[in-house]
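Q: Next up is a structure, given as structure tokens.
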Amino acid sequence: LEGVLDAYLKQDEPNWAQFLKMGKIHGTLFQAATVAYESFRGRYADELKWDLSQFQQKVAKGTFPLHPLTTALLCNLQLRNDEGDARTLLGFISQEMKDKAEELALADDLPNWILPTRLVDYFERRLDREKYAAYENARNTAGSDAPSEEQNILKALFLQEARKLTLRASDQIGWLAQAAGLSQKATEAALRNLKSKRSLYRDAREQYNFWPGTTNPLLLEQLVMEKLDKSPIDWSASPNPLHQYFARDNQLKGLSLSVDWGHSEDWTVAEHIVTKSDFSTATLRALLPWYQISGKMQEAPRGALLWLVAKDEEELAWYREHAASILDDAFPEPHTPPIVAVLPNHPHGELFDNYVRREALGRLTNDERERVGREFFQTEVNTTTSTVNGQFNELRGDRANWAGLPRSPALLTTTAHYRATLAATPQHTLKNVLNALYGVAYPFHPPSFYTTYPASRKNKLRDATRKVALTLFNPTHRLTDAVRGDSMATDLCDKFLVKEWQLLTAGPTYSVRSEPAMRNTLEAWNYLNECFSAEAGEVNIARALEPLFNAPYGYDYNTLALLFSAWFGYHSQELQIIRKGSIVPARSLEDGTVYGMGGKDFYQNLYNQHFALRRREAEAVKAEARALLDKVQGVRKLTPQQAQGWLEKLDRLCNDSALSAELSSQIQEAHKTLENELHLATEYNRQAREIQQRTEQAKTIDILLEQLKRLDTLPRVGRVEVETVTLAALRERIQERVTTVTHARVEELQQLSDLAHLQLNESELDKLSSLLRSAERSDLDTVIEQGRAQLRVNAERLRQLQAEQGVRFQLDRMDPHARLEQLHRYESELAALTGLSPEVTALRDAKDKAIQASISQAEEKARALVAKAQSISTQAEIDSWLKEANRSLNEYKGTEWYDTLEQAITQVTRYNSYLGELNRLKNQPFSTPEQAKALMQQIQEGYQAAGFEEGSPPHHAYEQARQDVQRRYADQEKKAQEQLQRIGAQIANANDHELGRYKHQLESPPGFLPETSRSDWLALRRQVQARLDANLVAQIEGLFQQITDHKEREACLKRLQALQENTPNR
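So, in structure tokens, the structure goes:
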């Protein structure tokens, strides 16, 4: 085909040579030819074996003004010819050459080519229907007002996809530029604009593509706007939506800093994205709270890094003016965790816009995603997400090394306490700045400690810490024994508590020093001394420890547990442990359940169990001990609660080192005596409650009598009062229960449902009587005797019931739903049953009532059927009655109603047959009066033969049928008369030419025309004939007058006369 086009468009050599010399024509032709040749290398290099120079000669030159790509596409496209008019390649060339006929070969110093995009205008969807749909979709999305450059790029891309050309991303833009007749720069700009309009997208290979024709980018934009209009982004939320988005996406991991006294994870600086709307004192305080001990430990970041984002220049200026002062207002305290705010160097409006779009996309329902095209939707989500993430990385300055990136000091600010340190920090990287601020914020941080184990997780260090802390808490325990065989616990003591903290003396004794030699440790130690001073009174432990977690100390769960346990153990003789207002022994706090599994458990348990400390002087302890001893020895009666409280106080004082040996011995003896008395009271309470419970639950006399015996074994109590019922009250209650259970048991035994149990029940009553006598309860003998008497009465009643068992069986088998004949038999049997017990008599009467009701119902039903047989008239009523009567007939077999019903069925069946024949006759058609009369005769004879009575339904049916036939006969007569009148009216208005037709219609009268009207019919026929004759005479006269020859006239008259003579009179 290229050869055909070359011959058709053959160039004039001199003109072509002159053309090549103009401007940049030669280079432009070469570039265009190269793109076309490489795009279709498979055809030209592999199939036709052309090199580039041959292609230039045959195509670039030979087919000019066709662009080389236009020629290549023409020769390689498969066109569809099912789109109406058949457009051909030569038709395209002829049309384009005609349009170019008056134009110069050069336009704007470039060849005036017929560009490939003209193929789209001419062939449209004949190039590829499916791809054309995608092209149209992209064109609609771009808008009708899209610049011509963008429209031509869309056509060029359609040609690429229609021809299924596979191009590298770097080659595609050049190909599209050639096909659209644009420069590389203009092509790139048009592609960017089309991509932003969602007309195109770039795939993973960076290739530009159409969306499928089924996608709907315009609908997507509409839905996005609807979502935002319906539910705008709430920028007043805290944290703000931008922060929430990146936090959800795990992009705000914070800045991990290395310290010598803990794991870097525990000392990570928290990151926050802050907008102008939430850059306030209250919000900032919420971002950087303090550690607080509660039922659920409130942990807090050790520092904070704020990324301030501005929507526009106005917000940018606002940050620069107000950021520092707002930070100062939020954190006026001298010791606060360090906070650094990074000011934006330019607005990030696009970040806000793209985030809002990403959120709106996420709100689309599955149905809406299908409507816009799921692939398109997902690509849009991925693109927007990637854009938002990229803009966030731009905000940080770098995706990976943002913490080590040098920054302008003017873009960093902090609170007033740390501003000088910030200014003095060399190389203003965020890592350097925050490390420097940590040193200022936490001057009293723990000395060196393990840095490989996070304090917030379960690990070997937490277990070792728990073991060492529990041992330090109790000075009577040997730390050497506790850590033996545990290398981590031993290292913890040797490397840190002894060497770095200087809190313990060296092993093997590991004694707690009177005060630590290390300054940082000493600061925290002194804080505990001040907090828990004798003057402070009762101090909540959890609340007192909270400041040590925060600046300027910065202890963690492990380091603080070690410090506090060592301090408590050293001062244990001076400390009282108080729980919910009451003094408790040291073991209450030492208990492993308080320390839990280590870590935060210890602090949460301190809070939940309300532990407090109070520090005391030695003389005050002795005075308290003597006063308590006097109370215990002088009291005569006290409650178990009072006894327990005093015991706990005595127990606390037993081993108090502040007491003398004599006083301590007296305290121990008083403790032993009171403890024994409390034990007796407690044991009495336990046994009494058990006896009381068994008494209330007992169902038999023997169990109750057993409880009476147990009363004699109850402990005898001393000064401690019992909490349960007294012995006398308990005895009285058991006797009451004996009476109640006896009545219930006698009531149970006197009931008798089977005579076989009579002897057993009598024996049980005898046993019961014997047990009561042994318990000296003869007052219940009367109850036993009454039970025996009632038992005998019930036995007699059972004997009579057994004798009437046959009658009961007879009554049970009587079925009220039986046939009428059987119901009458039951009626007779019931009448014969007399002399029965009241119970059986009631059964007989109830059965008789049911039988009588069934008899009445059956007879009423039969009576209604017979009565209805006399009045039914329609076929539906007959069918329904016969169905019901035949179904019910067997129910009355053996009774007088059977014959009555059978006769009624015969009568209705006969009527049914007659009615069927009558319906057949009355609907039979007739076409003559004779047939109608014969039909009437048949109906009458059939009725007479059937012999039905006058006034019966068959008689009414007969009369109705006869009237129906008569009415049909009358209708036929009426139609015949109407026909006579209609023809008469028509003849009166008819012209002479129509009379012949009416003469034919009047040949014979209608069969149903009454005799009285037949003369009218004949008169009308004679009238028509007379008019016809008159017309003939007139015609004959006219014809006769046309004869001019006299002789011929005479001859004619003679012939007419002869005809007249030979024609008989009519």
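Residues in the sequence shown are numbered from 145 upward in steps of one, following this note's numbering. All residues carry an ideal CB built from backbone N, CA and C; glycine is no exception. Predicted, not measured: the structure shown is a model, and the values here were computed from it.
CA-CA distance, E240 and Q366?
A: E240 and Q366 have their C-alpha atoms roughly 41 angstroms apart.
Q: Going by beta carbon distance, what residues of the same chain come within less than 8 angstroms of A661, once the five residues before and after it are set aside?
A: Q646
Q: Between which two residues does the alpha helix (DSSP H) holding W405 run?
A: Where W405 is concerned, there is no enclosing alpha helix (DSSP H), given that its DSSP letter is neither H nor E.
Q: Whose C-alpha, out of E761, S1157, E813, F1184, is nearest the C-alpha of E1117?
A: S1157
Q: Taking buried to mean at least 16 other C-beta atoms within 10 Å of its own C-beta, is D1136 buried or exposed?
A: exposed
Q: Please determine if the segment 714 to 726 and the segment 408 to 424 are in contact, where contact requires at least 3 C-beta pairs separated by less than 8 angstroms.
A: no
Q: May I ask which residues mark the beginning and end of the alpha helix (DSSP H) holding F746?
A: 745 to 752
Q: First and last residue of the beta strand (DSSP E) that includes N353?
A: 352 to 354
Q: Give the range of the alpha helix (DSSP H) segment to which F199 is assigned.
A: 196 to 199
Q: Answer yes or no: do V866 and N820 have a C-beta to C-beta separation smaller than 8 angstroms?
A: no
Q: Contact check, E690 vs Y463 under 8 angstroms by CB: the rounded distance?
A: With 8 angstroms as the limit, E690 and Y463 do not qualify as a contact, their Cβ atoms being about 34 angstroms apart.
Q: Three-state secondary structure (DSSP) at H416?
A: strand
Q: Exposed or buried, E682, counting other C-beta atoms within 10 Å across all chains shown (16 or more means buried)?
A: exposed
Q: Whole angstroms are fine: how far does the CA of N1030 sit from the CA of A900?
A: 55 angstroms
Q: Looking only at DSSP bridge pairs, what is I483 linked to?
A: Answer is A448.
Q: Does DSSP classify P1097 as helix, strand or coil?
A: helix
Q: So L874 packs on A832, CB below 8 angstroms; how close in whole Å?
A: At roughly 6 angstroms, the Cβ-Cβ gap stays under 8 angstroms, so L874 and A832 are in contact.
Q: Under DSSP, the alpha helix (DSSP H) around A599 begins and ends at which residues?
A: A599 -> no alpha helix (DSSP H), and no H or E assigned at all.
Q: CB-CB under 8 angstroms to T624, same chain, minus the five flanking residues each way: which ones, in chain order?
A: G651, P652, T653, Y654
Q: What does the Cβ neighbour count give for W1025, buried or exposed, with the cut at 16 atoms within 10 Å?
A: Buried, since its Cβ has 16 or more Cβ neighbours within 10 Å.
Q: N749 and V765 - do their beta-carbons sit closer together than 8 angstroms?
A: No, they are not a contact pair.
Q: Could you check where the beta strand (DSSP E) with V728 kicks off and where it finishes?
A: 726 to 728
Q: Do you know how far the Cα of G713 is from the Cα of Y751?
A: 20 angstroms
Q: When the Cα atoms are used, what is the spatial distance from N353 to I317?
A: Distance between the alpha carbons of N353 and I317 is about 12 angstroms.
Q: Under a three-way DSSP split, which group does Q646 fall into?
A: Reduced to three states, the DSSP call for Q646 is coil.
Q: Just to confirm before moving on: does the CB-CB distance between I928 and V890 stay below 8 angstroms?
A: yes
Q: What first and last residue would you give for the beta strand (DSSP E) that runs through F1184?
A: Where F1184 is concerned, there is no enclosing beta strand (DSSP E), although the alpha helix (DSSP H) it sits in stretches over 1155 to 1185.
Q: Got a sec? Which residues, its chain only, sit under 8 angstroms from K202 by beta carbon, not counting five neighbours each side?
A: E146, G147, D150, W194
Q: Relative to the C-alpha of D846, which residue among Q812, L824, V882, Q934 is closest?
A: V882
Q: L344 lies in the beta strand (DSSP E); which residues open and close that run?
A: 344 to 346
Q: Among residues of its own chain, excluding the 5 on either side of R540, which ones have a beta-carbon nearer than 6 angstroms to its beta-carbon?
A: W546
Q: Is the number of C-beta pairs between the segment 589 to 602 and the segment 484 to 499 that are closer than 8 angstroms three or more?
A: no
Q: Going by other Cβ atoms of all chains shown within 10 Å of its Cβ, with 16 needed for buried, is F953 buried or exposed?
A: exposed
Q: Should S726 be labelled buried (16 or more other beta-carbon atoms within 10 Å of its own) or exposed?
A: exposed
Q: So what does DSSP say about N384, is it helix, strand or coil?
A: If DSSP states are grouped into helix, strand and coil, N384 belongs with coil.
Q: Taking only the alpha-carbon atoms, compute the straight-line gap between D1178 and R1126 and give it to the nearest angstrom.
A: Reading off the sequence shown, one finds Ala at residue 1178, where the question assumed Asp. Whole-angstrom Cα-Cα distance: 28 angstroms.
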